[in-house]
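Chains as they are written, first to last, in the numbering used here: chain H, 1 to 299; chain Z, 1 to 457; chain F, 1 to 147. Heads up, the beta-carbon is just placed ideally off N, CA and C, and yes, glycines get one too. Predicted, not measured: the structure shown is a model, and the values here were computed from it. Quick notes on the structure that follows.
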Amino acid sequence: MRIDPNIVPEMLANLQQSQVSLDTALQQVSTGLSVNEPSDNPTNAAAMVENTIQTGDLDVYTQNVSTALSTVQTASSVLSSLVTSLTSAVSAGTEGANGTNSSTDLASLANEVQGILTSAVTAANTSVSGTYLFGGSGTTTPYTADASSSTGYTYNGNDDTNSVAVGDQTSVQVNLPGSQIFSSSSNNVLGALSSLVTALQGGNSSDIQTATASVDSALNYVSQQQVFYGNAETQLNSQETFLEQDKVTLSTQANSLIGVNESTAATDLSQAETDNSAALAAVAKVLPNNLLNYLAPPA
Amino acid sequence: MGGLNTALLIGVGGLDAAQGALDATSNNIANVNTPGYTREEAQLSELPETESAGQITGGGVSLEGLQSIRDELLNVQIQQQTSLQSAADTESASLQQAQTYFTSTGTDIASALSSFSSSLAALSANSTSSSAQQGVLAAGQNLASAFNTAAGGLTGVQTAANQQIPDTVSQINSLTQQIAQLNGQLAQVPAGEGGGTVQDQLDQAVKQLAALTNISVTQTNNGETITTGSGTPLVEGDQSYNLQTSTGTGGQLEVLDANGNNITSAITGGTLGGALNIANQVIPGLMTQLNTLASQFATAFNSAQAGGTDSNGNAGGAFFTGTANLSNAAANMSVGLISAAQIAISSSTGGGNGNVANLSAALTSTLPSGESAADGYAGIVFNVGTVASNASTQSTAIGDNLTQLTTQQGAVSAVNIDEETANLMRYQTAYEAAARIVSTVQVLDNAALNMGSSTSF
Amino acid sequence: MTCAGAPDRNGNAAEYLQLLRSLAGEMERAMRAIAHNALPDLEESVATQQMMSARLLVLADELSAPLESSPAEFSPAASPIKIDDDMMQQVRVAGDALQTLNRRYAALLQHSSRSVTLMASLFNSFQGKFKEASGPRLKHQTWSCQM
């Protein structure tokens, strides 16, 4: 059969084109992506760079918020309990200062306040997942007993504060150092409790009164410090909501940039397969065997 | 997206330049070099016909003559389009390869930037943890590695194109020598005899040559004169002239004519034109962008490092090294820190993790180029995708056009001038209408930007 | 249309999507016609494309108009409903595909119309008749035509 030389270039061109369409449709269905290479859609491929980075960051931010919330909530609740204990200490001191107590009573009150001091130190040494909440960035126990110290305790931590990234260029400070909360020079909580114990043991009403006033002042001070954690909690909660929304936005954007509609992809694939089969059949009719061998992939 | 690097613009325009060449040559299909024949006569005057022995001479060309001219015109177009197709195919193949280094694979620069950014965010939550610090160090190494790979990939594409250049010149020289010899043989053929097979061989060789470089073919009494570039002779009658390659001052390959003149910029078609464009314009343009990005990003990050204190109490040292020389910043980029403890976590005024935020900010801050690191990279992805897409589009479109021309060439029917002219007018009309539709579709692209926004739909 | 004047955005979006796909199909058809030198087929396809693109422009205009511009006096039942995300996604994908095809179409038109112009100039030159070369190789004419 004589080959019409004009038909061959056309048919080969059609065949090649249908092969390309088939490959594209296959890739889209198997990857779920309409943009697999930059040339598929340069604009979208470029926009995906930012999306990729933001999506990756978002996961970490979400994790950070969760961890930070747990830390901050724990700290807040610890301080809350502490305020309650300090209230009891103030009561004990007030009672001790009223001049009607026996030495046994005073001893008993002193013990009570000593107990509160011990629990305050325990509170100051709270750790969550191996990290001390009130030690700054220190890794050793923040407060240890120290006979040479006027308060009976030494602060082993540091003054460092840590900020946690919870959004792009958004950080939240998540800690106050113990030195600020429990043993600051203006309001030393541990020191006030310690002096109250001493005063109650000493029995002098005036001393007890003075010491009680210090503890009362410390109580107010700790309440103020707690506000920091309350604010941090509020910030973190609202950031959590924002991140949830952002996640949806980024995911939708990614899909609109490079995603493919599944039912469309399936239809396209089906059509491409049909076209390709038709093109192959048409070529097979026209070309003699040796040219068909030329078309087949090398053995 | 930032502005396109100028060199890259030239590269992108390379294909357009080839179009310009087509415009220029189409104004002068072939030189006339026959005694007693002038162009003005051909176009403007009506010459008296004389008829003798059934053959019309000295006047209008017979229909068969017009047919052969028409076929030659088709030949010329097919040659030109073959050159363009070949150039587009060469470029498309190179760019397909190049863009694999900018595709999202998990080890590409975008993925690496993302991991690096995430590792810093994680470090902020656990700054004293050695595993969090190690995470940042490892992510930094992956990022440097990703830059190395991309640079290596582009260099590989350039090297391959550079290899094509002397190979193609070799083939060109071999073909021109063949053509010259065939011209010589044809000149020996006695008058009236067709010289068929030799002519076919000649046509075949010329067609092959057209795929290698842009050519202009003129019929003369001595045979075919073939030139390339802006008139550099390749074949004149039975004489052929070799092209050569040499390395220019910038390390780029150049094509020289037989006299040693540099004709590189005039080679716009064929495999040679495509390879030259890739090696000397497109790849260098992309490399410059990549190197600039690597260099500026490393500088910005190192600056954030220097502003802080590391876990050993020392001022932060350079995190990234190897980017001082702009010409190979991306290929040489590596991590300079020896241990993760050298990451500058604290701000210089004290403890805490205040400097981690500064390190993170280096990824989003504006670099001297005017963009952030992410946007700078996105710009490169866009450029690579665009040139690759354009080359592929041109290749397909020219392929369709070649099919059209080849089909016309094979058409057997005798030319009916009036009918064919009328058809051509109809084609013109259809093309003009189609061009307006092309514009309309482009307008739809702009309208699409406003659809699906929260205020509509 | 749900009530007089109220735009039926869902219906419009679906029609828009269908037209995008159909126009893409017509472009492919036109490109094949050009490659095969099938002039009537090309003319038919272009005419169809003209109708489709005109309608697409009208729809695009309606669909990108902001929701706020809808007059308040329509009853809630007639107010424009937000098109679902799946539909929007399909429209975007179809739109992108059409743009890619359009670039190829534009390139082919550029090359082919140049070919046609060259041929037309040749035949126009023929109207001013010109001389044949005489010589041993009659087949090899030398000629030029001004464009």
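- Message: When you compare the CB positions of T288 (chain Z) and G376 (chain Z), do they come within less than 9 Å of one another, or not?
- Response: Locating residue 288 (chain Z) in the second sequence gives position 288, where the first residue counts as 1. Locating residue 376 (chain Z) in the second sequence gives position 376, where the first residue counts as 1. No, Cβ-Cβ distance for T288 (chain Z) and G376 (chain Z) is not below 9 Å.
- Are any of the Cβ atoms in chain F nearer than 9 Å to that of V387 (chain Z)? Position 387 of the second sequence, counting from 1, holds the residue named residue 387 (chain Z). No, V387 (chain Z) does not count as interfacial toward chain F.
- Task: Would you mind listing the beta strand (DSSP E) stretches within the stretch 262 to 288 of chain Z that are 3+ residues and don't spill past its ends, in chain order?
- Result: Unbroken beta strand (DSSP E) runs of no fewer than 3 residues, entirely contained in the stretch 262 to 288 of chain Z, are not found.
- Query: Shortest alpha-carbon distance to Y153 (chain H) belongs to which of H:Q114, H:T84, H:T67, H:T210?
  - Reply: The residue you call residue 153 (chain H) lines up with position 153 of the first sequence. Among H:Q114, H:T84, H:T67, H:T210, the Cα nearest to that of Y153 (chain H) is on H:Q114.
- Rounded to a whole number of angstroms, what is the C-alpha to C-alpha distance between S240 (chain Z) and S246 (chain Z)? Your numbering for residue 240 (chain Z) matches position 240 in the second sequence. Your numbering for residue 246 (chain Z) matches position 246 in the second sequence. Cα to Cα, the separation comes out at about 20 Å.
- Message: Does G251 (chain Z) come out as helix, strand or coil in the three-state DSSP assignment?
- Response: For the purposes of this step, residue 251 (chain Z) is taken as residue 251 along the second sequence, with counting starting at 1. Secondary structure at G251 (chain Z): coil, using DSSP grouped into helix, strand and coil.
- Message: Once the 5 residues before and after A75 (chain H) are set aside, which same chain residues still bring their CB inside 6 Å of it?
- Response: Counted from its first residue, the first sequence places residue 75 (chain H) at position 75. Excluding sequence neighbours, A75 (chain H) sits near L133, Y229.
- Query: Exposed or buried, what is T225 (chain Z) when buried is set at 16 or more other beta-carbons lying within 10 Å of its beta-carbon?
  - Reply: The residue labelled residue 225 (chain Z) in the question sits at position 225 within the second sequence. It counts as buried.
- Task: Kindly list the residues whose CB is nearer than 6 Å to the CB of S235 (chain Z), restricted to its own chain and excluding five residues on each side of it in sequence; keep chain order.
- Result: Translated into the one-based positions of the second sequence, residue 235 (chain Z) becomes position 235. One point to set straight first is that residue 235 (chain Z) is Val, not Ser, in the sequence displayed. If we look at V235 (chain Z) and ignore the five residues flanking it on each side, its Cβ neighbours are T176, I179, A180, I226.
- Residue-chain proximity (A284 (chain H), chain Z), Cβ-Cβ < 9 Å: What you label residue 284 (chain H) is simply residue 284 of the first sequence in a count that begins at 1. It does not; no Cβ of chain Z falls within 9 Å.
- Task: Could you tell me whether the stretch 422 to 435 of chain Z touches the stretch 44 to 53 of chain H, using the rule of 3 or more Cβ pairs below 8 Å?
- Result: Taking 8 Å as the limit for Cβ pairs, the verdict is that the stretch 44 to 53 of chain H does not touch the stretch 422 to 435 of chain Z.
- What is the DSSP secondary structure of Y241 (chain Z), counted as helix, strand or coil? Locating residue 241 (chain Z) in the second sequence gives position 241, counting from the first residue. DSSP, reduced to helix, strand and coil, places Y241 (chain Z) outside both helices and strands of the structure shown, so it counts as coil.
- N162 (chain Z) vs L253 (chain Z) beta-carbon contact at 9 Å: On the second sequence, position 162 is the one that residue 162 (chain Z) refers to. On the second sequence, position 253 is the one that residue 253 (chain Z) refers to. Contact flag set, yes.
- Item | chain Z residues whose Cβ lies nearer than 7 Å to that of Q90 (chain F) | Counted from its first residue, the third sequence places residue 90 (chain F) at position 90. Within chain Z, no residue comes near Q90 (chain F); the closest Cβ sits about 11 Å away, beyond 7 Å.
- Message: So if DSSP puts S127 (chain H) in a beta bridge, which residue, or which two residues, is it bridged to?
- Response: Position 127 of the first sequence, counted from the first residue, corresponds to residue 127 (chain H). H:Y132, per the DSSP bridge assignment.
- So what's Q245 (chain H) in DSSP terms, helix, strand or just coil? On the first sequence, residue 245 (chain H) is found 245 positions in, with the first residue counted as 1. Looking at Q245 (chain H) - three-state DSSP - the assignment turns out to be helix.
- Query: Bridge partners of A165 (chain H), per DSSP?
  - Reply: On the first sequence, residue 165 (chain H) is found 165 positions in, with the first residue counted as 1. In the DSSP output, where bridge partners are listed per residue, A165 (chain H) has H:S171.
- Can you name, in chain order, every residue of its own chain whose Cβ lies under 6 Å from the Cβ of L359 (chain Z), other than the five neighbours on each side? Taking the second sequence and counting its residues from 1, one reaches residue 359 (chain Z) at position 359. Around L359 (chain Z): L120, A304.
- Item | Candidates H:V189, H:Q27, H:A110, H:S88, of which the one nearest A300 (chain H) by Cα | With chain H represented from 1 up to 299, any question about residue 300 (chain H) goes unanswered, as that position is not in the structure.
- Query: Considering only the beta carbon of each residue, do Q409 (chain Z) and L84 (chain Z) sit closer than 9 Å?
  - Reply: Residue numbering aside, residue 409 (chain Z) sits at position 409 when the second sequence is read from its first letter. Residue numbering aside, residue 84 (chain Z) sits at position 84 when the second sequence is read from its first letter. No, these two residues do not count as a Cβ contact at 9 Å.
- Query: Can you tell me where the alpha helix (DSSP H) with I109 (chain Z) in it begins and where it stops?
  - Reply: Translated into positions along the second sequence, residue 109 (chain Z) becomes position 109. Where I109 (chain Z) is concerned, the enclosing alpha helix (DSSP H) stretches over 109 to 125.
- Task: Indicate whether at least one CB of chain H lies closer than 9 Å to the CB of T48 (chain F).
- Result: On the third sequence, position 48 is the one that residue 48 (chain F) refers to. It does not; no Cβ of chain H falls within 9 Å.
- Contact residues within the stretch 2 to 36 of chain F, judged by C-beta distance below 7 Å to chain H: A35, H36
- Looking at the C-beta of L73 (chain Z), does it have a partner C-beta in chain F at a distance below 9 Å? Your numbering for residue 73 (chain Z) matches position 73 in the second sequence. Yes, its Cβ sits closer than 9 Å to a Cβ of chain F.
- For G316 (chain Z), does the count of other Cβ atoms within 10 angstroms reach 16, so buried, or fall short, so exposed? Indexing the second sequence from 1 puts residue 316 (chain Z) at position 316. So G316 (chain Z) ends up on the buried side.
- Message: What residue range does the alpha helix (DSSP H) around P40 (chain F) cover?
- Response: For this step, residue 40 (chain F) is matched to residue 40 along the third sequence. 39 to 63 is the span of the alpha helix (DSSP H), which, as asked, contains P40 (chain F).
- Query: What's the C-alpha gap between L193 (chain H) and D105 (chain H)?
  - Reply: The count along the first sequence starts at 1 and reaches residue 193 (chain H) at position 193. The count along the first sequence starts at 1 and reaches residue 105 (chain H) at position 105. Distance between the alpha carbons of L193 (chain H) and D105 (chain H) is about 18 Å.
- Message: Taking CB distances under 9 Å as the criterion, tell me whether N401 (chain Z) reaches chain F.
- Response: As a working note, residue 401 (chain Z) is residue 401 in the second sequence. Chain F contact via Cβ: present.
- CB of G259 (chain H) within 9 Å of CB of Q89 (chain F), strictly: What you label residue 259 (chain H) is simply residue 259 of the first sequence in a count that begins at 1. What you label residue 89 (chain F) is simply residue 89 of the third sequence in a count that begins at 1. Contact check for G259 (chain H) against Q89 (chain F) passes: the beta carbons are separated by less than 9 Å.
- Please state whether DSSP places P177 (chain H) in a helix, a strand or coil. Sequence index remark: in the first sequence, residue 177 (chain H) carries index 177 (1-based). Residue state for P177 (chain H) is assigned as coil, using DSSP reduced to three classes.
- Can you give the Cα-Cα distance for S119 (chain H) and E244 (chain H), rounded to whole angstroms? For the purposes of this step, residue 119 (chain H) is taken as residue 119 along the first sequence, with counting starting at 1. For the purposes of this step, residue 244 (chain H) is taken as residue 244 along the first sequence, with counting starting at 1. About 39 Å.
- Check whether the stretch 56 to 73 of chain H touches the stretch 150 to 168 of chain H, taking contact to mean three or more Cβ pairs, one atom from each stretch, closer than 8 Å. yes
- Given that S270 (chain H) touches chain F, what residues does it touch there, using C-beta distances under 9 Å? For this step, residue 270 (chain H) is matched to residue 270 along the first sequence. Correct list: empty, because the minimum Cβ distance to chain F is about 15 Å.
- Would you say D96 (chain F) reaches chain H, if we count a Cβ-Cβ gap shorter than 9 Å as a contact? For the purposes of this step, residue 96 (chain F) is taken as residue 96 along the third sequence, with counting starting at 1. Closer than 9 Å to some Cβ of chain H, the Cβ of D96 (chain F) qualifies, so yes.
- Query: So which residues of chain Z does S184 (chain H) contact, with C-beta pairs closer than 9 Å?
  - Reply: Counted from its first residue, the first sequence places residue 184 (chain H) at position 184. Against chain Z, the beta carbon of S184 (chain H) has no neighbour under 9 Å; the closest one sits roughly 17 Å away.
- Does S256 (chain H) have its Cβ less than 9 Å from a Cβ in chain F? Sequence index remark: in the first sequence, residue 256 (chain H) carries index 256 (1-based). Interface residue (Cβ-Cβ distance to chain F less than 9 Å): S256 (chain H) is classified as such.
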